[in-house]
Amino acid sequence: MTGGKGLVGVNPDGQVRSSTDPGATWQPGGRLPMRPVAFTAVSAEHLLAAAMNGMVYESVDSGATFRTIYQP
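Reading the sequence shown from the start, the letters are residues 3 to 74 in the numbering used here.
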């Protein structure tokens, strides 16, 4: 998803999905290492997710990969 157009979401199992046609179809992206309890898209490329264990993950490539940015 480039140019900030489209939707991004995450399944309960951590699978990131994106849509460029207002949700008619969804393409799989990367996967979070833990089950998410909160998820937000700062922009189309910048995603943040929190897990039940308190860890926070960040993606700067539209959810293709995630890195840990906070670990309790």
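Using N, Cα and C, we set each Cβ at its ideal position, and we do this for glycine too.
DSSP places Gly-31 within a strand segment (E or B) once states are collapsed to three. Here Gly-11 is bridged, per DSSP, to Arg-19.
Look at Glu-60 here: in three-state DSSP terms it is strand.
Rounded to the nearest whole angstrom, the C-alpha separation of Ile-71 and Asp-23 is 31 angstroms. The Cβ atoms of Gly-65 and Gly-25 lie no closer than 9 angstroms to each other.
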